[in-house]
Structures are given as structure tokens and as C-alpha cells.
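Participant: Sharing a structure below in C-alpha cells format, with a few things to ask.
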Amino acid sequence: MSERLRRYEAMMRRALQVASAPDPTGDVPVGAVVFDPDGVELASGRNERERVGDPTAHAEIIALRRAAMSRGEWRLDGCTLVVTLEPCTMCAGALVLARVATLVFGAWEPKTGAVGSLWDVVRDPRLNHRPQVYGGVLEAECGDLIRDFFVEKR
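Numbering (my numbering) for the sequence shown: 21 to 174.
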């Protein structure tokens, strides 16, 4: 196993921890964490759509906003966004606009995924920024978290 994969797995375990935190509002358990270029955690977020009544309150958006506030600027150059589920079009667009250097995600999202499943927003050659992408990191654990959530809901 490469050193990079080990590092990304450790980062994904942190995102899984964020996603797994108890949530009485019943939001879909997705966790996102932004790490600075040295691998230090800047910010994290989990889905809060139900809690705040905001359709844009996805884990990635919350983590990106918090990371930008932590850095004091909107550009997240050199940063890594780690998220338990493949980002949707909104989140994929946001991480491109934030200039995130690397995206690491866990489970693929065949219904709304915009990093290779339905669309590939982040690799569109017409954009002025394209992050490195590593998908399927701890895919089974990330997928199990989502599947278990929906099994319990039904």
C-alpha cells in the first residue's frame, strides 16, 4: 500500500467519524473534512439540510465555508477535501471554485454523483481549475454507512 493511500485512508476515517456523529434531525450521514497542504485539519462538516432547513447545507459546502473562514480567504490552494460520498454537481462546482487541490471521496453516488458517475464536473477541461481526484477510498465502509442509514429509514 502506498504512503499516499495510507494518508488518504486516515483522512477518510476522520470524515467517517464526522459522518457517524449522532444526528437527531435524521440527515443523510455524509461527512467532509478539509486538510491544509501539511495534512492538518482546517474544518469539517456534515449534512445539515434538515437541521437548518437549507438545501445547500451539504457536508462539503459546510466544510469548505469553515475552512475558508479558518484561513481567512476563499482560495483553498493546496488543500485536500475528503468526503465520504461522491460530490453532487453543486459541491463539485464549489470545490473547483474554491481551488481545492485534491478531492478524496469514499462511496460512489450513481444517482447524483458529479465526479465520474453521472457527470465529471471536476475534470471538465473547460474549467480553469481541475483538482486531483481519488475515488473509492474506504468505499465499502462509506457505502455501508449510507446503506445502513436508508435501511433504518425504511
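All residues carry an ideal CB built from backbone N, CA and C; glycine is no exception.
(1) Name the two residues that bound the continuous alpha helix (DSSP H) containing T100.
(2) Going straight from the alpha carbon of W139 to that of H78, what length do you get?
(3) Name the residue from G98, R146 and S64 whose alpha carbon lies nearest to the alpha carbon of P57.
(4) Taking only three categories from DSSP, how would you classify A118?
(5) Taking the beta carbon of T76 as the centre, do at least 16 other beta carbons fall within 10 Å, making it buried, or is it exposed?
(6) Can you round the beta-carbon distance between C127 and L105 to whole angstroms, since I take them to be within the 8 Å contact cut?
(7) When we look at the beta-carbon of T122 and count the other beta-carbons within 10 Å, is it buried (16 or more) or exposed?
(8) Could you name the residues that DSSP lists as bridge partners for D125?
(9) Measuring CB to CB, does A114 end up less than 7 Å from L147?
(10) Whose C-alpha, out of I166, D144, P151 and R143, is nearest the C-alpha of P130?
Facilitator: So, to answer that:
(1) Counting along the chain, T100 falls outside any alpha helix (DSSP H), though it belongs to the beta strand (DSSP E) covering T100 to L105.
(2) 18 Å
(3) That would be G98, whose Cα lies nearest to the Cα of P57.
(4) Reduced to three states, the DSSP call for A118 is coil.
(5) exposed
(6) Note that residue 127 is Ala in the sequence shown, not Cys. Rounded, the Cβ-Cβ distance is 5 Å, consistent with contact.
(7) buried
(8) Going by the sequence as given, residue 125 is Phe instead of Asp. Bridge partners of F125: V103.
(9) no
(10) I166
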